[in-house]
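The numbering of the sequence shown is my numbering, which starts it at 309 and goes up by one. All C-beta atoms in this analysis are idealised placements derived from N, C-alpha and C, irrespective of residue type, glycine included. In this text, all values refer to a predicted model and were calculated from it rather than measured experimentally.
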Amino acid sequence: MVVVPVLFFVPLRSNILFGQAYLLLFVLLLEGYIAYKRGKVLLSSLIWAIAILFKLFPVLIVLFLLLRKKYRNIAYLAVTGSLLLLLSICINGFAAWKFYLLEMFPRAGNGELNNSFAYQFQSVCMLLRSVFVYDGLLNPSPLSVQPHIAIGLLAIWKAFVITACVCVSLQRKGTDFVVFAMWITASMLISPNGSSYSLILLLLPLLAVPAITIEQGKRGGLILVVILGLLWLINIIPVYKLGNLPVLLRFPRLYVLILFFCLLLVAMKIRMHYGILALFIAVFVLTDLRKFLPDKDTSSYVLAKEEHLLMYDYRFINGLLVYYYRDGMGDSEAATGYAVSGYTTNGVRLVNNQVYYDNTQLTFTNDWKKKPMLVNNNCIFYLSDKNRGIGFYTLRKIILPSSR
């Protein structure tokens, strides 16, 4: 393990410098597994429940336990998780959890943390969106505008990763840690959000590598070297420098991570079960079925270019649009060249987070909206965080039907 500080120098440094808690999450996952192997069902369940409530994606541990037929462990995990949740509600109140479950979690689970096209996340979700989904500001030049293809391919990818881990679980009955490590790796691969901090969790599959390579005989040494080389590449690729590259070249960390996962499957001689794969494809497609429906959103951006991410208000001063934003220097304002001849709030209102004008509903999206206003007597301006994290507003507009 002397190679760990070398292989994981960047994730270790990032966690320490930026106060991230993935080191704690790694410890929780590993300690929970150790307690599980020692037969301490209550202790392992408590530790894993803390990890799941801390960062939701380790919930795939439930599938690991289910395929290991550890039904008692699942029951204990459900009970301890529920009790911890109840304790949190008693301390923090129900409103915080309601906001998280109904607002924050669905948006974050869809990759909407601050930018729904952030290549820095290095996920398959972001890659497919960057290639197939258009956004006037965040992704104005996709290779092809085919959002349904992005949804379908993402469903297939998730199904492949989950099916692979199911097959690992079924075909490697005596190597619990290898199976456990593969499920944690899978949770990282299907998450829409990635970071240099989270890469510290790849220590888990690294710890499982000796058990895999020792079975390979003379090839084991070569496979070990290749795996270590891939892990080193995953951790040292400077993603922040890739923004100006063509879209397909912005995701090298993702490509290497996929190669790493597939190499582990090949080394273990895992045979894919295509019936299970088809089942999971159907499940994920049905889960996202509403995304295949026609988009009712007729809004567009007000500004042709966005220089500030945290916009929170706008006004009209001397016939020009002025917006207000926050950055590291605090609150600021920025004038635009957008001319305005008149504006009013008469007849415009928000009802259940949807914009109405003269009792006609104009929006049907789940983004947060505020301050709708009729501008120039032909369009509705409003602040929206569509395709962004909650509260990361920008200005959108809807041209009134009579003005089109």
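Between LEU511 and PHE317, the CB-CB gap reaches or exceeds 8 angstroms. Counting C-beta pairs closer than 8 angstroms gives fewer than three between the region 515-533 and the region 588-604, which falls short of the contact rule. The C-beta distance from LEU392 to LEU361 rounds to 6 angstroms, short enough to fall under 8 angstroms. Rounded to whole angstroms, the gap between the alpha carbons of LYS363 and VAL387 is 18 angstroms. Burial check for VAL310: the Cβ neighbour count within 10 Å stays below 16, so the residue is exposed. Under the three-state reduction of DSSP, LEU510 is assigned to helix. Each of ASN684, MET681 and SER692 was checked against the Cα of PHE672, and the nearest Cα belongs to SER692. The beta carbon of ALA647 is closer than 7 angstroms to those of GLY627 and LEU628 in its chain, skipping five residues each way along the sequence. Secondary structure of ILE698 (DSSP, three-state): coil. Annotation for MET490: the continuous alpha helix (DSSP H) segment containing it runs 484-498.
Beta-bridge pairing by DSSP links LYS677 to SER692. Pairing ALA489 with ARG561, the inter-Cα distance amounts to about 19 angstroms. The beta-bridge partner set that DSSP reports for ASN447 consists of ASP443.
Residue PHE624 holds the alpha-carbon nearest to the alpha-carbon of THR652 among LEU670, PHE624 and ALA643.
Positions of the beta strand (DSSP E) runs, each at least 3 residues long and wholly inside the region 610-654, are given as 618-625, 628-635 and 638-647 in order along the chain.
In the DSSP assignment, LEU658 falls within the beta strand (DSSP E) that extends over 656-659.
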